[in-house]
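Numbering (this note's numbering), first residue to last: 46 to 600. From the three backbone atoms N, C-alpha and C, an ideal C-beta is built for every residue, glycine too. These figures come from a predicted structure and were not determined experimentally.
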């Protein structure tokens with residue numbers, strides 16, 4: 046069963062006015078006050094609504110529903126239409142705490158436009174929040190205790206409120222009170238102050254009572270006074286470890302891998318205000334490329350975020366290292382870790398050159414992350430050359446590469462080397478095409494690939510595939526852009542496409558347009574007029590034994 050605490054999520058506005066009184070709503074086991082102090086002078090007026098903006102009616106425990114109002118006091122609320130403000134005035138100044146009623150409407154309850162109600166009361170049992178001292182020198186530790194004597198199942202949640210930069214929040218909120226446990230204590234760090242400063246602190250304890258009703262116990266504010274003259278403590282490390290991602294301490298680590306640094310402080314001295322910086326170093330320094338230093342946050346006894354130690358990946362033999370940590374106080378703590386060569390892995394594939402003319406050969410190279418050692422079980426890499434991306438045909442292969450249109454073969458990287466090369470032969474193509482050369486291995490946790498571009502040869506020169514003119518019509522005197530497209534990349538020196546007009550008196554084009562080497566398109570300008578005697582003119586482009594025509598029309 047989950048705890049169903051009342052939500053303290055209602056926005057409020059606080060002012061000072063006079064107040065009146067109401068009656069409490071007790072539950073089983075409640076220690077309800079019979080001699081509360083009635084407010085008679087300046088008191089607060091607040092706005093309290095549920096999540097849909099409906100104002101509360103009845104007696105409310107300040108701090109249980111209403112943020113920014115004095116916690117631990119009881120307010121008399123009159124309800125009202127949605128949007129009503131200032132519907133609550135302080136009714137009773139409790140001496141210890143206030144307790145929400147068993148029949149209160151939860152802030153998050155879906156009640157439509159109905160009026161949420163509450164019937165809360167002062168509580169005169171044990172104080173929900175106490176300190177080992179209410180006045181201390183800034184920088185000192187203070188032991189704080191949250192207490193709940195009411196039955197609570199399956200547990201109660203203790204929220205520490207009113208914290209500031211001088212009295213920081215809990216390290217890992219909230220705290221829990223399990224059945225048969227009535228109190229929980231923690232050590233709270235405080236900040237150094239230049240002048241006396243009082244911090245009003247309070248506790249909100251949420252629980253299910255013996256009937257299963259959700260209740261909130263809210264303490265009155267408990268002031269903690271900090272006095273000048275102190276210094277921040279610097280606790281020494283109590284323990285230090287270097288572990289894997291699962292938190293298990295390690296004695297070896299493969300190069301290139303990450304290990305994680307953890308540290309703890311003594312049980313009586315959590316990290317002070319501002320936290321504790323733990324510096325982590327290694328000897329030799331080149332064993333790790335990061336130092337793994339970390340912070341322990343204020344009030345915490347250990348780091349919530351581990352320091353990351355990345356082992357060097359440049360080793361070819363084992364390297365014994367000592368990893369040390371210090372908080373700047375006490376002796377440094379250390380752990381011995383052996384950095385081993387990184388696991389062999391495929392790093393990259395390079396093609397030289399990466400663009401060839403169909404029918405030419407090139408060199409492919411498989412690169413590993415380190416040299417192959419005698420201890421490596423294997424260094425044979427599987428290489429796959431895909432079929433042509435455009436044609437779907439087998440366009441490239443190498444010795445021992447089997448299959449069609451894609452083929453697969455192996456390349457062995459010799460011991461003592463970190464790469465191996467092989468010759469790739471290609472086939473002639475009619476137009477530009479592409480293949481992928483990929484490398485991987487069962488012993489490698491990475492793979493790599495590179496793309497090869499194959500162009501048609503100069504002897505199989507591209508021909509003209511299209512002529513497009515835009516705009517294709519207009520009033521006499523307009524200009525248009527013509528674009529010629531080849532079936533493949535232009536050869537070295539470019540491709541000169543011849544142009545002509547069926548009537549130079551009506552439309553003029555340049556004698557030719559050149560498609561740059563390796564490109565497939567080029568544009569030119571066609572001009573008309575100023576006097577146009579024909580209704581249309583045909584433009585002709587010719588290259589590589591092919592001609593294409595398009596027309597210009599006059600409006």
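Taking the beta strand (DSSP E) that residue i belongs to, which residues open and close that run?
{"i": "residue 466", "result": "464 to 471"}
{"i": "residue 205", "result": "201 to 206"}
{"i": "residue 231", "result": "228 to 234"}
{"i": "residue 260", "result": "259 to 264"}
{"i": "residue 245", "result": "242 to 253"}
{"i": "residue 429", "result": "425 to 430"}
{"i": "residue 576", "result": "Run containing residue 576: none; DSSP gives neither H nor E here."}
{"i": "residue 136", "result": "133 to 138"}
{"i": "residue 541", "result": "540 to 546"}
{"i": "residue 331", "result": "Residue 331 -> no beta strand (DSSP E), and no H or E assigned at all."}
{"i": "residue 156", "result": "That residue, residue 156, is in no beta strand (DSSP E); it is neither H nor E in DSSP."}
{"i": "residue 106", "result": "102 to 106"}
{"i": "residue 341", "result": "339 to 341"}
{"i": "residue 594", "result": "591 to 599"}
{"i": "residue 400", "result": "400 to 402"}
{"i": "residue 434", "result": "Looking at the DSSP string, residue 434 is not in any beta strand (DSSP E), and its letter there is neither H nor E."}
{"i": "residue 307", "result": "303 to 309"}
{"i": "residue 412", "result": "406 to 413"}
{"i": "residue 177", "result": "Note, residue 177: premise wrong, no beta strand (DSSP E); not H, not E."}
{"i": "residue 384", "result": "378 to 385"}
{"i": "residue 123", "result": "119 to 123"}
Skipping 5 residues on each side, what residues in its chain have a beta carbon closer than 8 Å to that of residue i?
{"i": "residue 276", "result": "184, 237"}
{"i": "residue 408", "result": "396, 397, 466, 467, 468, 469"}
{"i": "residue 242", "result": "183, 211, 270, 271"}
{"i": "residue 590", "result": "508"}
{"i": "residue 447", "result": "453, 454"}
{"i": "residue 74", "result": "Its pLDDT being 49, under 50, residue 74 is placed unreliably in this model, and the coordinates cannot settle the point."}
{"i": "residue 48", "result": "At residue 48, the pLDDT of 31 sits below 50, so the modelled position is not reliable and the matter cannot be decided from this model."}
{"i": "residue 457", "result": "424, 425, 426, 465"}
{"i": "residue 584", "result": "512, 514, 527, 544, 545, 546, 547, 552, 554, 571, 594, 595, 596, 597"}
{"i": "residue 172", "result": "141, 142, 192, 264, 267"}
Sorted by chain position, which residues of the same chain lie with C-beta nearer than 6 Å to residue i's C-beta, five sequence neighbours on each side aside?
{"i": "residue 207", "result": "245, 246, 247"}
{"i": "residue 400", "result": "498"}
{"i": "residue 284", "result": "309"}
{"i": "residue 78", "result": "Low confidence applies to residue 78: its pLDDT is 45, below 50, so where it sits in the model is not reliable, and the reading given next is rough at best. Within the same chain, residue 78 has close Cβ partners 167, 169."}
{"i": "residue 474", "result": "403, 499, 501"}
{"i": "residue 495", "result": "394, 396, 482"}
{"i": "residue 55", "result": "Below a pLDDT of 50, predicted positions are generally treated as unreliable, and residue 55, at 33, falls in that range; the measurement from the model is reported next regardless. Hits under 6 Å: 93, 94, 110, 111, 152."}
{"i": "residue 303", "result": "353, 355"}
{"i": "residue 330", "result": "none"}
{"i": "residue 381", "result": "367"}
Are residue i and residue j touching if we call contact CB-CB under 8 Å?
{"i": "residue 483", "j": "residue 415", "result": "no"}
{"i": "residue 139", "j": "residue 122", "result": "no"}
{"i": "residue 179", "j": "residue 268", "result": "yes"}
{"i": "residue 560", "j": "residue 535", "result": "yes"}
{"i": "residue 384", "j": "residue 296", "result": "no"}
{"i": "residue 266", "j": "residue 117", "result": "yes"}
{"i": "residue 355", "j": "residue 386", "result": "no"}
{"i": "residue 286", "j": "residue 294", "result": "yes"}
{"i": "residue 163", "j": "residue 104", "result": "yes"}
{"i": "residue 365", "j": "residue 307", "result": "no"}
{"i": "residue 510", "j": "residue 532", "result": "yes"}
{"i": "residue 213", "j": "residue 240", "result": "no"}
{"i": "residue 336", "j": "residue 325", "result": "yes"}
{"i": "residue 578", "j": "residue 550", "result": "yes"}
{"i": "residue 262", "j": "residue 144", "result": "yes"}
{"i": "residue 530", "j": "residue 564", "result": "no"}
Spatial neighbours of residue i within its chain, please: C-beta separation below 7 Å, excluding the five flanking residues on both sides.
{"i": "residue 461", "result": "416, 417"}
{"i": "residue 431", "result": "451, 480, 481"}
{"i": "residue 342", "result": "216, 316, 320, 349"}
{"i": "residue 177", "result": "187, 188"}
{"i": "residue 374", "result": "279, 280, 281"}
{"i": "residue 68", "result": "Because the pLDDT at residue 68 is just 32, under 50, the model does not fix this residue reliably, and the point stays unresolved."}
Check whether the Cβ of residue i sits closer than 7 Å to any heavy atom of the ligand ATP, and report yes or no.
{"i": "residue 102", "result": "Among the ligands in the structure shown, none appear at all, so the ligand ATP cannot be discussed."}
When you compare the region 184 to 204 with the region 212 to 231, are there three or more beta-carbon pairs, one atom per stretch, that lie closer than 8 Å?
Yes, they touch.
For the region 508 to 519 and the region 592 to 599, state whether three or more C-beta atom pairs, one from each stretch, are separated by less than 8 Å.
Verdict: yes, contact present.
So, does the region 533 to 545 touch the region 485 to 497, judging by three or more C-beta pairs under 8 Å?
No contact exists between the region 533 to 545 and the region 485 to 497.
Does the count of Cβ pairs from the region 367 to 376 and the region 430 to 442 closer than 8 Å reach three?
In this structure the region 367 to 376 does not lie against the region 430 to 442, because fewer than three pairs of beta carbons, one per stretch, are closer than 8 Å.
Mind listing, in chain order, the continuous beta strand (DSSP E) runs of no fewer than 3 residues lying wholly within the region 438 to 526?
Inside the region 438 to 526, DSSP marks whole beta strand (DSSP E) runs of 3 or more residues at positions 441 to 443, 452 to 457, 464 to 471, 478 to 485, 493 to 500, 509 to 515, from first to last along the chain.
Quick check on the DSSP output: what are the complete beta strand (DSSP E) runs of length 3 or more inside the region 265 to 301, in order along the chain?
Listed in chain order, they are 267 to 272, 284 to 288, 297 to 299.
For the region 217 to 228 against the region 147 to 159, do three or more pairs of beta-carbon atoms, one drawn from each stretch, fall closer than 8 Å, so that the two count as touching?
Because the criterion of three Cβ pairs below 8 Å is not met, the region 217 to 228 and the region 147 to 159 do not touch.
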